[in-house]
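Enquirer: Here you go, one structure.
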Amino acid sequence: MFGRRKDSLFALLRGGGRMSGREKLRLVLMLSVPAMMGQLSTIVMQYIDAMMVGQLGAEASASIGLVSTSTWLFGGVCAALGNGFAVLVAHHIGAKEYDRARDVMRQAMFVCMMLALCVCLFCLAIHNRLPVWLGGDPRVTALSSRYFLVWSLTLPVMQLLFLSNAMLRVSGNMTVPFLLGVLMCFLDITFNLQFIPRWGVTGAAIATSCAGVTVMTLSLTHLLLRSPELSLAGRWGRLHLSKDILRRGSRIALPMAVEHIVFCGAQIASTLIVATLGTVAIAANTIGIVVESLCYMPGYGIGDAATALIGQSYGARRADLIRSFSRLTVWLGIAVMSLMGVVMYIYAPELMRLMNPDLGVQALGTVALRIEAFAEPMYAASIVVYCIFVGLGDTLVPCVMNLSSIWLIRVTLAALLAGTMGLQGVWLAMCIELNVRGVIFLIRLKRKHIVYNADNKG
Numbered sequence: 000m001f002g003r004r005k006d007s008l009f010a011l012l013r014g015g016g017r018m019s020g021r022e023k024l025r026l027v028l029m030l031s032v033p034a035m036m037g038q039l040s041t042i043v044m045q046y047i048d049a050m051m052v053g054q055l056g057a058e059a060s061a062s063i064g065l066v067s068t069s070t071w072l073f074g075g076v077c078a079a080l081g082n083g084f085a086v087l088v089a090h091h092i093g094a095k096e097y098d099r100a101r102d103v104m105r106q107a108m109f110v111c112m113m114l115a116l117c118v119c120l121f122c123l124a125i126h127n128r129l130p131v132w133l134g135g136d137p138r139v140t141a142l143s144s145r146y147f148l149v150w151s152l153t154l155p156v157m158q159l160l161f162l163s164n165a166m167l168r169v170s171g172n173m174t175v176p177f178l179l180g181v182l183m184c185f186l187d188i189t190f191n192l193q194f195i196p197r198w199g200v201t202g203a204a205i206a207t208s209c210a211g212v213t214v215m216t217l218s219l220t221h222l223l224l225r226s227p228e229l230s231l232a233g234r235w236g237r238l239h240l241s242k243d244i245l246r247r248g249s250r251i252a253l254p255m256a257v258e259h260i261v262f263c264g265a266q267i268a269s270t271l272i273v274a275t276l277g278t279v280a281i282a283a284n285t286i287g288i289v290v291e292s293l294c295y296m297p298g299y300g301i302g303d304a305a306t307a308l309i310g311q312s313y314g315a316r317r318a319d320l321i322r323s324f325s326r327l328t329v330w331l332g333i334a335v336m337s338l339m340g341v342v343m344y345i346y347a348p349e350l351m352r353l354m355n356p357d358l359g360v361q362a363l364g365t366v367a368l369r370i371e372a373f374a375e376p377m378y379a380a381s382i383v384v385y386c387i388f389v390g391l392g393d394t395l396v397p398c399v400m401n402l403s404s405i406w407l408i409r410v411t412l413a414a415l416l417a418g419t420m421g422l423q424g425v426w427l428a429m430c431i432e433l434n435v436r437g438v439i440f441l442i443r444l445k446r447k448h449i450v451y452n453a454d455n456k457g
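Counting with numbering that gives the first Met the number 0, you get residues 0 to 457 for the letters of the sequence shown.
Below, the structure is given as structure tokens:
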């Protein structure tokens, strides 16, 4: 019943039918709720990993935290390219050009896998030296190196998982990625119980990799054989690389990839600042980031829904729906993340206690989380508005806005405040920057006149 209702609403969107305010809100919620739950399942898995590794002590947590920004850097570059092609798929689905959508998907898989293999080889080449370059304590660099090695070997598999889930989401299917995320969480727990007692931090990486391989197989199978919009069953055809598709996909993806690289450079700079504060600060910062993600992951779930709805509305030439879905998703994101921020502020001590037994880590992390709670509403605005622009294929200016904000405000303030306030100064800088970023994204959304150009659908 739920699926049929959602399909009928998408039929109205793609077919030019009139949608009431209640129908628009219903479609937003139908996509946002499973997308939020999917993001939360990812965070639960990260919580479990951090909690189980945290029981091994502060050095074990610090060893993962030391390379966490680097894994996000390399993985995110691969994901950015896939997201650029996924936006094109959404545009073609909105226009009911399903064969062209499948053609884009074929080419995206080939190009993204080639990139993932290149990144994998590069990561393997630097895995021994990376923790040392990041200024890690000699007691944690060996653990970090082994963790990063396992992660690197699994990168091509995870690329396929990210790409197949992205294609399902832009087609309007948020349920399958959510269910697979829950399954991955349970598998990760099972493998953690087997591998962490044997191999410690390295066992946690192996457990996550095994869970990822299993879930990737299921996600890719569903996409290629069962997706109504994108299934290749009986339509396998041959791969033909198109300069036009590569150009259009690159025009969307390259600003996102460059942004991610420079953004992660800022995160690495922040890691270097925190690394000078000692092992306890590194562990508190690492665990605090995992705990805070409980607040912002729902925002990314709503953002996924916004990208799918805006992308398909753009392909269907529905400027009215672009404006309506923009307002609905932004306000929903702000409401949900504001509530999560209140919960984080109240229960910060309990959350930190769950994650690590070290009293110093708990106390320092609690202060950091309570500072960050005040950034959640505007952080939500920046996340969802950015995803709206991605759905439109408008990525260059938003990427510049993100980078200017994080480098000119967050990194600069963190460097100035860390010397006198320690980790609290680093998180205060983050809070100020996120509030500024949310405001400038809302201003651009309000001032931007969204006008559909019938001659430009990519």
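By construction, the Cβ of each residue, glycine as well, lies at the ideal position given by its N, Cα and C atoms.
Nearest by alpha-carbon distance to V410: which of I288, T394, A374 and I431 is it?
Expert: It is I431 whose Cα lies nearest to the Cα of V410.
Enquirer: Could you have a look at P356 and say whether DSSP puts it in helix, strand or coil?
Expert: Here P356 sits in coil by DSSP.
Enquirer: Tell me the DSSP secondary structure of M271 in three-state form.
Expert: Reading off the sequence shown, one finds Leu at residue 271, where the question assumed Met. Three-state DSSP puts L271 in a helix.
Enquirer: Compare the C-beta of N191 with all C-beta atoms of chain B and state if any pair is closer than 9 Å.
Expert: Among the protein chains of the structure shown there is no chain B, as only one such chain exists.
Enquirer: Whole angstroms is fine: what's the gap from A442's alpha carbon to S325's?
Expert: The sequence shown places Ile at residue 442, not Ala. Cα to Cα, the separation comes out at about 13 Å.
Enquirer: Is the segment 66-77 close to the segment 258-269, with three or more CB pairs under 8 Å?
Expert: Because the criterion of three Cβ pairs below 8 Å is met, the segment 66-77 and the segment 258-269 touch.
Enquirer: Suppose you measure from the CA of V169 to the CA of S226; what does that come to, to the nearest Å?
Expert: Distance between the alpha carbons of V169 and S226 is about 12 Å.
Enquirer: Quick check on DSSP: helix, strand or coil for M255?
Expert: Looking at M255 - three-state DSSP - the assignment turns out to be helix.
Enquirer: Let me know the secondary structure DSSP gives R322 once reduced to three states.
Expert: R322 falls in the helix class under three-state DSSP.
Enquirer: Given T68, which residues of its chain have a CB within under 7 Å of its CB, disregarding the five upstream and five downstream residues?
Expert: So the qualifying residues of the chain are C263, Q266, I267 and T270.
Enquirer: Go through its chain and collect everything with a Cβ distance to M339's Cβ below 7 Å, but skip five positions before and after it.
Expert: Result list for M339: L293, C294, P297 and E375, in chain order.
Enquirer: Using 9 Å as the threshold, is the C-beta distance between G437 and M255 below it?
Expert: Not in contact: G437 and M255 (Cβ atoms no closer than 9 Å).
Enquirer: Return helix, strand or coil for M173, following the three-state DSSP convention.
Expert: If DSSP states are grouped into helix, strand and coil, M173 belongs with coil.
Enquirer: Could you tell me whether the segment 277-287 touches the segment 50-60, using the rule of 3 or more Cβ pairs below 8 Å?
Expert: Contact between the segment 277-287 and the segment 50-60 is present, because at least three Cβ pairs lie under 8 Å.
Enquirer: I think L320 touches M18, with their Cβ atoms under 8 Å apart; what is that distance to the nearest whole Å?
Expert: Contact holds; Cβ gap of about 7 Å.
Enquirer: Alpha helix (DSSP H) containing T394: first to last residue?
Expert: T394 -> no alpha helix (DSSP H), and no H or E assigned at all.
Enquirer: Closest to T275 by CA distance: which of T41, A34, V110 and A417 is it?
Expert: Checking every option, the nearest Cα to that of T275 belongs to A417.
Enquirer: Would you check if the segment 116-126 and the segment 191-209 touch, i.e. whether three or more CB-CB distances between them fall below 8 Å?
Expert: As far as the Cβ criterion goes, the segment 191-209 does not touch the segment 116-126, which means the pair count is below three.
Enquirer: Look at the alpha carbon of G392 and the alpha carbon of G277, and state the distance between them as a whole number of angstroms.
Expert: Rounded to whole angstroms, G392 to G277 spans 42 Å at the Cα level.
Enquirer: Just tell me which of R13, S60 and L8 has its CA closest to the CA of V360.
Expert: With distances taken between Cα atoms, V360 lies closest to S60.
Enquirer: Rounded to the nearest angstrom, what separates V425 and L80 at their Cα positions?
Expert: Going from the Cα of V425 to the Cα of L80 covers about 31 Å.
Enquirer: Please list, in chain order, all residues of the same chain as I301 whose beta carbon is under 6 Å from its beta carbon, the five residues on each side excluded.
Expert: Excluding residues within five positions, the ones whose Cβ falls inside 6 Å are S31, T328, L331, G332 and V383.
Enquirer: Are there 16 or more other CB atoms within 10 angstroms of the CB of L12, so buried, or fewer, so exposed?
Expert: It is buried - the Cβ of L12 has at least 16 other Cβ atoms within 10 Å.
Enquirer: By the 10 Å Cβ neighbour count, where 16 or more other Cβ atoms means buried, how is N455 classified, buried or exposed?
Expert: Only weak support is given to the placement of N455: the predicted model assigns it a pLDDT of 43, under 50, and the question is left unresolved by the model.
Enquirer: Can you give the Cα-Cα distance for S218 and M336, rounded to whole angstroms?
Expert: One C-alpha to the other measures close to 28 Å.
Enquirer: Relative to the C-alpha of C122, which candidate in A100, W71 and A305 has its C-alpha closest?
Expert: Closest by alpha carbon: W71.
Enquirer: Name the residue from T174, I439, R3 and R352 whose alpha carbon lies nearest to the alpha carbon of C46.
Expert: It is Tyr, not Cys, that sits at residue 46 in the sequence shown. It is R352.
Enquirer: Give the DSSP-derived three-state secondary structure of W496 in the structure shown.
Expert: Nothing can be reported for residue 496, as the shown portion of the chain is limited to 0 through 457.
Enquirer: Can you have a look at A107 and say buried or exposed, based on whether 16 or more other CB atoms are within 10 angstroms of its CB?
Expert: Buried, by the Cβ-count rule.
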